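Peer 1: Here it is: the structure, laid out below.
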Amino acid sequence: MNVEKLKDEKDFFIRYVLNRNIIEGIELLYAFYRYIETLNKVMHIESDKLGRGIRLFTGKE
């Protein structure tokens with residue numbers, strides 16, 4: 100009976116907890132990708148004072 104309970108807990112972990120962690124990781128990677136894309140757009144606008152300030156701050160200019 101104890102072995103069955105451990106097997107059930109392992110199956111639950113593999114099916115739900117591990118899959119949820121993988122999905123959350125992918126969501127975080129996508130959010131990070133969108134953040135980087137937004138920063139790149141801001142840095143490439145030459146006439147934008149905010150973009151110029153960020154480029155000066157990060158040493159990209």
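Per this note's numbering: the sequence shown = residues 100 to 160. Positions of the beta carbon are idealized from the N, C-alpha and C atoms, including for glycine. All of these numbers come straight from a predicted model, not from anything done at the bench.
#1: I need the straight-line Cα distance from residue 102 to residue 114, nearest angstrom please.
#2: So, for residue 153: in the same chain, excluding its five sequence neighbours on each side, which residues have a beta-carbon less than 7 Å away from its beta-carbon?
#3: Helix, strand or coil for residue 158? Go by DSSP, reduced to three states.
#4: Straight-line CA distance for residue 105 to residue 123?
Peer 2: Looking at the atomic coordinates:
#1: If I take the Cα positions, the gap works out to 18 Å.
#2: For residue 153, where only same-chain residues beyond five positions count, the Cβ hits under 7 Å are 141, 142.
#3: Residue state, collapsed to three classes: coil.
#4: Approximately 26 Å, taken between the alpha carbons.
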